[in-house]
Structures are given as C-alpha cells and as structure tokens.
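Here is the structure we will look at, set down as structure tokens.
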Amino acid sequence: MSARGLVDGELVAEDLDVLDAEFEAVCARLGPLFYRPESRAHAREYLRGLLAPLEKKNGWTIAEHVGAPEPKRLQRFLNLTPWDADRLRDDLVGYAMEHFADERAVLIADPTGFAKKGRKSAGVQRQYSGTLGRIDNCQIGTFLAYATPGGHRLLLGRELYLPEHTWAADRERCREAGVPDTVPFRTRPQQVQFMIERALAAKVPFAWFAADEEFGQNPALRTFLEERTISYVMAVPKNTEVTAASGGAGKIEALTAGLPERTYTRRACGIGTKGFRSYDWAVIDTPDPDHRYIVRCPLGGGELAYFHCFAPRRDPLGEVIRAIGSRWPVEECFEAAKQEAGLDQYQVRKYDAWYRHVTMSMLALSLLAVMRQTLQKGHLDLWTTFRDRTDGSSGTG
0 MSARGLVDGE LVAEDLDVLD AEFEAVCARL GPLFYRPESR AHAREYLRGL
50 LAPLEKKNGW TIAEHVGAPE PKRLQRFLNL TPWDADRLRD DLVGYAMEHF
100 ADERAVLIAD PTGFAKKGRK SAGVQRQYSG TLGRIDNCQI GTFLAYATPG
150 GHRLLLGREL YLPEHTWAAD RERCREAGVP DTVPFRTRPQ QVQFMIERAL
200 AAKVPFAWFA ADEEFGQNPA LRTFLEERTI SYVMAVPKNT EVTAASGGAG
250 KIEALTAGLP ERTYTRRACG IGTKGFRSYD WAVIDTPDPD HRYIVRCPLG
300 GGELAYFHCF APRRDPLGEV IRAIGSRWPV EECFEAAKQE AGLDQYQVRK
350 YDAWYRHVTM SMLALSLLAV MRQTLQKGHL DLWTTFRDRT DGSSGTG
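For the sequence shown, numbering that gives the first Met the number 0 begins at 0 and goes up steadily by one.
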C-alpha cells in the first residue's frame, strides 16, 4: 500500500487498490462453497450489495445495485441454491482470526430482535425483544460477538431462536418454514453453549466470556464454562442469593446495602459517546476464591448493577472491570451490522435462508473491519468510497 495515505481526506488510488484486492480475496475464499460458477457470481453480487451504502439491502435493491433486471437470481441464491451456511460461518471465523485473533479478547453473548410481519417466517411470534424495547411480532437471533482490546467488534456465531411451544413443538409448522426435523428446541443459553463449543474447536483465542442476566442466572451455562475453566463476568439480578466470605448470606442487594463506602473504588470501564464510562465498584468475595460478585454504582447514585465473576486466574479488579466494559460494544456491533451490512434487512422466511443472509452479513461486517485495519484510518467511510470506485455491474465487482 502506498505511503501517501490520505490526500485531503480522500482515499488515493493505491488505497482503493487495496480494498479491491481484499474484496477479491474474500470472494475467492467463498468459491469452494458453491458447485456452479453462477452461484459463485451470485455470492459475489450479494456480498457487494451488503457492502454498498444502500438505504435498504434486500433482493430488489441489491439486484438494482449490481445491474440485475430483477431479484430472482439473488432470491434463489438465498432460498434454493445448494450451499452450506455453516461452512461459510466457519470460513468467516477463520478469516476474522487471521486478522483479529487476540488472547485478551472477550466473547460476548447477546440476543437481538428482528421485527417481522405475519407468522410464516421461521421462529416469528409475539415475544419480548430488548432491541425493540417491547413485546412485538419478531424473530430473535442469539449471537456470539468478539471484542478485542484494540476496539475491533465482530460477530462469530449466530443461532435463530425457535420458541418451544409455538415452533419447536409444532413440527408441521417447522417443516413449512424449512426447519429440519433434526433441529430441537434449545434455550438461548443452550444456543450460546453450542456457539462457544464451536469457538473452542476453532481455537478462537479469548480471555473472558461476558453476558447479561439471561445468561448469568443460568446454572447449566455457568457449569459448562467452569468445567472448561473459561473466565466469565455475567450480570445477575439483585435478588441473587450470595454467601460472602465474611460469613454473611442473603440477596446480593441486601449484602450490598451493608458495604461501607470505603470498599468502593472508582474506575473507568471503557469509553462511550460522552467520554470515559466511570463508576464506583465494590467486590463481594465468596468462600471460593475463584468466584466473586462485582457491584457497579453509577456516579452520583442510581440503580446498582451486579455481576458474577468466575476468575480461576485470580485476575485483578481492573481486568475484571475491563471485561465487564467489553460487553457494551456488542450493541455497537449490532448497530454496525444492521446499518452497514444489512443484518436485519432481509426478506426471507425459510430457516436456511435466514442463516444464509445473516452469515453473509456477518462476513461483510468482518470484511469492513479488515479494510479499516488494513488502511489504519479509523472509521473512514470505506465502503462508500469502495462502491463509488467500482459499481456492482462492473467487471471488478
């Protein structure tokens, strides 16, 4: 890459050559997933469409962007063409780790909602979505994110949640939506466990696992992590029963009320839109030195937050707080995936098609991260410039 870098805030031609080369390299990696050259071309078109600065990224808009007269071939690519989205997932994990593997990274589990109309889309029903902030007709995807100390945020795993009674137990409805009979009901913590198992099998390096209360109060998930000596910090509710090393026992909210002010220490746990996120922190030790409970108090008062920490390495408080702070960027990751890579802008109903679109979106997000890192230009609008250089109908894209 040219040392000229930016000229008057714009990418120079040599930099754009780097972006083109990276896009071509990723497309080449996709080749073995497809039997026919037409399918490889459609994958290339779809990926380019997800990278493009389109207001909506669906079959019609992507087809128009790449110069196709109608979206049928891209719809067929998602719904009918034989290819394995799990192989693509494994490829994107390998690609991401080639560029962002970090022993201090944090794996983060979090669900996100996708608002949908009707009742035909796999897994859709009226259910609570934290993303939407209400009960609504939606699908819920459970995701495994990867956050590095250098500020990179990626999605490495995804599972579509199938509600137990309205979906998993209704095999006829599942078959209509393309859900294989071999897919059982799994809770979201169970889905996370399977995603972590795949990350371990792929030798993804990380130091911590972090998650919210839904996962922090799940005994089976905690046992799974502890048996594999995976350090974790997970939020827990205020009525969590705790036995303190000092001999006290009861709900963590009550135990916290008795802590003297001198037990709190002020630390920042990351940087937000308004600067450093600083809080007062306290530790409740337990009879087992591998387990601690962390209390977070907003400056000036406010609602406390509680975290169960399993740290067999006996990490210092500052490292635990870093891991806690790493959980928030998953929301930024979802926002980027939805706004920049079309994560939630699909128009498919079938089970396999959901996984195909979402995995392609995750790959697009990783590709954007690699482009940013390669050029070392922060949050420059790389994909807009990339699109402007070669439109979807050209020979290079």
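In this text, a Cβ means the ideal position worked out from N, Cα and C, and glycines have one as well.
key: Simplified DSSP state of residue 323, which is helix, strand or coil   = Shown here, residue 323 sits in a helix according to DSSP, grouped into three states.
In angstroms with no decimal places, state the Cα-to-Cα distance between residue 241 and residue 269.
-> 28 Å
**Prompt:** Quick one: Cα of residue 73 to Cα of residue 354, how far?
**Reply:** 15 Å
**Prompt:** According to the Cβ coordinates, are residue 344 and residue 57 closer than 7 Å?
**Reply:** yes
- Item | For residue 293, three-class secondary structure by DSSP | strand
Task: Burial state of residue 396, where buried means 16 or more other Cβ atoms lie within 10 Å - done: Residue placement at residue 396 cannot be trusted, given a pLDDT of 37 that sits under 50; what the coordinates show is reported in the next sentence. Flag for residue 396 reads buried.
| said: Does residue 264 pass the burial test, meaning 16 or more other C-beta atoms within 10 Å, or should it be called exposed? | reply: exposed
- Query: Since residue 235 sits in a beta bridge, which residues does DSSP pair it with?
  - Reply: Looking at the DSSP assignment, residue 235 forms a beta bridge with 305.
Residue 299 burial status per 10 Å Cβ neighbour count (16 or more: buried): exposed
* Which word fits residue 4, buried or exposed, when buried means at least 16 other C-beta atoms lie within 10 angstroms of its C-beta? -> Low per-residue confidence applies at residue 4: pLDDT is 36, beneath 50, and the placement is therefore not dependable, though the value from the model is reported in the following sentence. Counting every other CB atom within 10 Å of its CB across the protein chains shown gives residue 4 a total below 16, marking it as exposed.
Starting from the C-beta of residue 212, find all residues in its chain whose C-beta is less than 7 Å away, skip the five residues before and the five after it, and write them out in chain order. Sequence-distant partners of residue 212 (beyond 5 residues in either direction) whose C-beta falls short of 7 Å from its own C-beta, in its chain, are 234, 235, 236.
Query raised in the report: Are the beta-carbon atoms of residue 360 and residue 340 separated by less than 7 Å?
Result: yes
message: Using 8 Å as the cut-off, can you tell me whether the region 216-228 makes contact with the region 118-130, which would need three or more C-beta pairs spanning the two stretches below that distance?
response: No: fewer than three Cβ pairs fall under 8 Å.
Do you know how far the Cα of residue 158 is from the Cα of residue 165? 17 Å
Contact belief for residue 244 with residue 285 at Cβ below 8 Å, rounded distance in angstroms
6 Å
Taking 7 Å as the cut-off, decide whether the C-beta atoms of residue 153 and residue 160 are in contact. Result no, Cβ atoms of residue 153 and residue 160 do not sit closer than 7 Å.
> To the nearest whole angstrom, what separates the beta carbons of residue 124 and residue 162, a pair I think is in contact under 8 Å?
Replying inline: 5 Å
Original post:
Any contact of the region 74-93 with the region 22-33, i.e. 3+ C-beta pairs under 8 Å?
Top reply: yes
Legend entry - Candidates 223, 283, 260, 266: closest to residue 251 by CA position: 283
**Item:** Cross-strand partners of residue 125 (DSSP beta bridge)
**Value:** 136
Notebook entry, point to check: In the DSSP assignment, what are the bridge partners of residue 30?
Noted result: Per DSSP, none; premise fails for residue 30.
Does the Cβ of residue 252 lie closer than 6 Å to at least one heavy atom of the ligand HEM? In the structure shown, the ligand HEM is absent, as is every other ligand, since no ligand is present at all.
Using a threshold of 7 Å, state whether the C-beta atoms of residue 322 and residue 198 are closer than that.
-> no
Q. Nearest to residue 75 by alpha carbon, out of 45, 132, 93?
A. 45
Mind checking which residues open and close the beta strand (DSSP E) that includes residue 152? 152-159
Going by the beta-carbon positions, is the gap between residue 358 and residue 88 smaller than 7 Å? It is a contact, given that the beta carbons lie within the stated cut-off.
Which of the three DSSP states is assigned to residue 242 in this structure?
Correct three-state label for residue 242: strand.
Which residue's Cα is closest to the Cα of residue 122: 362, 348, 370, 207? Of 362, 348, 370, 207, the residue nearest in Cα terms is 348.
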